[in-house]
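Right under this line is the structure:
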């Protein structure tokens, strides 16, 4: 896929390279998300659904008015430091390697949801898999769909309550989401011509020193960038991560992790740092790195 060298949306507030749609666990359809991005005047928007590119494919078919829609993905992974999320930006959503990996992930997600329901049943919560499937529809099943089914079944008052009571780590319905190693995920993203990004580094449950060590280890596996600008990072965390990215020679990206008004109501589209979007200057280096990966893959390197 071809991407403009730089977004040129007049009067833009910046970019947001981390957002979700109804293709995974977001509340807005791709068309609705694009409409909202245009309304607030973003220059570029990345659709990074969990383990699916369906939303990104649909969105890229509706490009208008100079908004750059970047196809992306978010995949859970594990390594010696624990679980983390890896974003793929500027990916080719039709990549065979990516599609093969996502097919197995989708099957695993269904099996995981079934196991979560069984655990909840054993804990005395009579939730059915049919209810979860109804909430998920055609989307890749995730914990938010189980949470919605719990709310609709009257077992929780809202999504946040469902997570804290049943689905958070240590609760009866919790099952970890990381199946693949970080090396496997990064390799898959590169094979799809994308840029591999450690998502929300200050929110992966590690102290500052451990984050540095984890980022160094990921760099040796091919990590391209850190999501330094993130909606819930503090200013101090952002500055620390920016310094880490400079020290390790990693690129920088930024995103809100927008899901919608109910799943993560505190997070607004385009509010990547406070009420501001990420700087548009982050776009070009990321696009350039993606071009390098696409060229390398095409040449068989």
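In our numbering, the protein residues as written are 111 to 411. Virtual Cβ for every residue (Gly too), placed ideally from N, Cα, C.
Pick helix, strand or coil for residue 304, following the three-state DSSP scheme. Your numbering for residue 304 matches position 194 in the chain shown. Looking at residue 304 - three-state DSSP - the assignment turns out to be coil, as it is neither helix nor strand.
Taking DSSP as the reference, what is the three-state secondary structure of residue 189? If you number the chain shown from 1, residue 189 lands on position 79. DSSP places residue 189 in strand when its eight states are reduced to three.
Roughly how many whole angstroms lie between the Cα atoms of residue 195 and residue 161? Reading the chain shown from its first residue, position 85 is the one you call residue 195. Reading the chain shown from its first residue, position 51 is the one you call residue 161. C-alpha separation (whole angstroms): 11 Å.
Looking at residue 154: is its Cβ nearer than 8 Å to the Cβ of residue 125? In the chain shown, residue 154 corresponds to position 44, counting from 1. In the chain shown, residue 125 corresponds to position 15, counting from 1. Yes; because the gap between Cβ atoms is below 8 Å, this pair is in contact.
Taking the C-alpha atoms as reference points, what is the distance between residue 178 and residue 229? Translated into the one-based positions of the chain shown, residue 178 becomes position 68. Translated into the one-based positions of the chain shown, residue 229 becomes position 119. Looking at the two C-alpha atoms, the distance is approximately 43 Å.
Let's test the definition: count the other Cβ atoms within 10 Å of the Cβ of residue 402 and tell me whether it reaches 16, buried, or not, exposed. One-based indexing of the chain shown puts residue 402 at position 292. Residue 402 is exposed by the Cβ-count criterion.
Specify, as a first and last residue, the run of the alpha helix (DSSP H) that residue 144 falls within. Sequence index remark: in the chain shown, residue 144 carries index 34 (1-based). Counting along the chain, the alpha helix (DSSP H) containing residue 144 begins and ends at 140-149.
Express the C-alpha separation of residue 405 and residue 271 in angstroms, rounding to a whole number. Here residue 271 refers to the residue found at position 161 of the chain shown. Here residue 405 refers to the residue found at position 295 of the chain shown. Whole-angstrom Cα-Cα distance: 47 Å.
Which same chain residues, not among the five before or five after residue 352, have their C-beta less than 8 Å away from its C-beta? To locate residue 352, count along the chain shown from 1; it is residue 242. Closer than 8 Å at the Cβ level, and outside the excluded window around residue 352, lie 338 and 362.
Using the rule of at least 16 other Cβ atoms within 10 Å of the residue's Cβ for burial, across every protein chain shown, is residue 412 buried or exposed? The shown model of the chain, from 111 to 411, leaves out residue 412, and the question about it has no answer.
Contained beta strand (DSSP E) runs [length at least 3] in the stretch 293-349, N- to C-terminal order: 305-308 and 335-340
Out of 113, 183, 112 and 150, which one is the CA nearest neighbour of residue 135? Here residue 135 refers to the residue found at position 25 when the chain shown is read from its first residue. Among 113, 183, 112 and 150, the Cα nearest to that of residue 135 belongs to 183.
Can you find a C-beta in chain D that's less than 8 Å from the C-beta of residue 372? Checking the listed chains, one finds no chain D in this structure; it contains a single protein chain.
If you reduce the DSSP assignment to three classes, tell me which class residue 372 lands in. Here residue 372 refers to the residue found at position 262 when the chain shown is read from its first residue. Note: residue 372 maps to coil in three-state DSSP.
Which class does residue 165 belong to by DSSP, given the choice of helix, strand or coil? As a working mapping, residue 165 is identified with position 55 in the chain shown. Residue 165 falls in the helix class under three-state DSSP.
Could you check the C-alpha separation between residue 329 and residue 200 for me, to the nearest Å? By 1-based counting over the chain shown, the position of residue 329 is 219. By 1-based counting over the chain shown, the position of residue 200 is 90. If I take the Cα positions, the gap works out to 19 Å.
Can you check the stretch 215-271 for any beta strand (DSSP E) of at least 3 residues that lies completely inside it and give the ranges in chain order? none
CB contact flag (residue 388, residue 364, <8 Å): Counting from 1 along the chain shown, the entry for residue 388 is found at position 278. Counting from 1 along the chain shown, the entry for residue 364 is found at position 254. Yes. Within cutoff.
Check each candidate in 368, 237 and 197 and name the one with the smallest Cα separation from residue 262. Your numbering for residue 262 matches position 152 in the chain shown. When only C-alpha atoms are compared, the closest one is 237.
Alpha-carbon spacing of residue 342 relative to residue 385, whole angstroms: Working through the chain shown from its first residue, we reach residue 342 at position 232. Working through the chain shown from its first residue, we reach residue 385 at position 275. Cα to Cα, the separation comes out at about 11 Å.
CA-CA distance, residue 256 and residue 198? Taking the chain shown and counting its residues from 1, one reaches residue 256 at position 146. Taking the chain shown and counting its residues from 1, one reaches residue 198 at position 88. When rounded, the distance between both Cα atoms is 25 Å.
The beta strand (DSSP E) with residue 156 in it runs from where to where? For the purposes of this step, residue 156 is identified with residue 46 of the chain shown, where counting begins at 1. Element bounds for residue 156: 152-157.
Check whether the Cβ atoms of residue 140 and residue 169 sit closer than 8 Å, and answer yes or no. Residue 140 sits at position 30 when you count from the first residue of the chain shown. Residue 169 sits at position 59 when you count from the first residue of the chain shown. Yes. Within cutoff.
Hey, how far is the Cα of residue 131 from the Cα of residue 283? In the chain shown, residue 131 corresponds to position 21, counting from 1. In the chain shown, residue 283 corresponds to position 173, counting from 1. Their Cα atoms are separated by approximately 24 Å.
Can you tell me which of the three DSSP states residue 119 falls into? Here residue 119 corresponds to residue number 9 of the chain shown, with the count starting at 1. Three-state DSSP puts residue 119 in coil, outside helix and strand.
Spatial neighbours of residue 306 within its chain, please: CB distance less than 7 Å, with the 5 preceding and 5 following residues excluded, ordered by chain position. In the chain shown, the residue the question calls residue 306 occupies position 196. Same-chain partners within the cutoff: 196, 198, 296, 299, 300, 332, 333 and 334.
Any idea if residue 266 is buried or exposed, counting beta-carbon neighbours within 10 angstroms, 16 or more meaning buried? The count along the chain shown starts at 1 and reaches residue 266 at position 156. It is buried - the Cβ of residue 266 has at least 16 other Cβ atoms within 10 Å.
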